[in-house]
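Position 134 of the sequence shown, counted from 1, bears residue number 133 in numbering that gives the first Met the number 0, the numbering being contiguous throughout. Idealized CB from N, CA, C, for every residue including glycine. Remarks on the structure that follows.
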Amino acid sequence: MPRPLHSPEKELRFTRSGQAPGFWLAAAVLASVTVTLLACALYRDVNPQLPHPAWAILPLALALLAGRTAVRLTRHAYLILTPLGIEVFPFFRPAKFMRLVPWAEISAAEMDANLTLLTLHHDAQRSCGLHLSLAPIRADRRELLAKAVAVRVFMPSTRPS
């Protein structure tokens, strides 16, 4: 469970909720397979060739795993814009491998036309920086992210004219 925030009004959180629907769908399909296998077990005395009810354990375990992953993607942050900078949380071990990019280190920022890639440049020549995929973020939230970064860091253009 995420910790309570000290001052939530000072930060913007963007989760991986764009990836969650696929996992919710997989969890629903696997749960349906589990129910089907258990329903077949009721008629096993009529037709002994039907699968044993123990086969329902595998799709049930996978459904629970997919559901847990979907909840995690929906609740936990991918990017957090704070007064200090941009916090980037990877999918695996986010507490250990979290990266803070201070605003002072960002000289410019760019977004591609589809709003799927954010590039943070660390120098004026734009020779070093950080590329962040925005695909995990829901499409309707990417425009908000683009505006928030544009306000903080001068961005030449968020969309080509």
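Alpha carbons only, please: which of the options is nearest the one belonging to residue i?
| i | options | result |
| --- | --- | --- |
| VAL87 | ARG151, PRO52, HIS130, ALA107 | HIS130 |
| LEU59 | ARG43, ARG74, THR33, TYR42 | THR33 |
| ARG67 | GLU104, THR115, ALA25, ILE56 | ALA25 |
| LEU12 | GLY84, ASP122, ALA65 | One detail in the question is off: residue 12 reads as Arg in this sequence, not Leu. When each option's Cα is compared against that of ARG12, the closest is GLY84. |
| VAL100 | ALA94, TRP54, GLY128, ALA138 | GLY128 |
Which residues bound the beta strand (DSSP E) around residue i?
| i | result |
| --- | --- |
| THR14 | 11-14 |
| VAL87 | 84-87 |
With DSSP as the reference, label residue i as helix, strand or coil.
| i | result |
| --- | --- |
| ARG71 | helix |
| ALA76 | strand |
| ARG98 | strand |
| LEU131 | strand |
| ALA112 | coil |
In the DSSP assignment, find the alpha helix (DSSP H) that holds residue i and state where it starts and stops.
| i | result |
| --- | --- |
| ARG125 | Neither: ARG125 is in no alpha helix (DSSP H) and is coded neither H nor E. |
| VAL34 | 19-40 |
| ALA147 | 138-151 |
Taking the CB atoms as reference points, tell me whether residue i and residue j lie closer together than 8 Å.
| i | j | result |
| --- | --- | --- |
| PHE22 | LEU61 | no |
| VAL152 | ALA108 | yes |
| ALA134 | GLY17 | yes |
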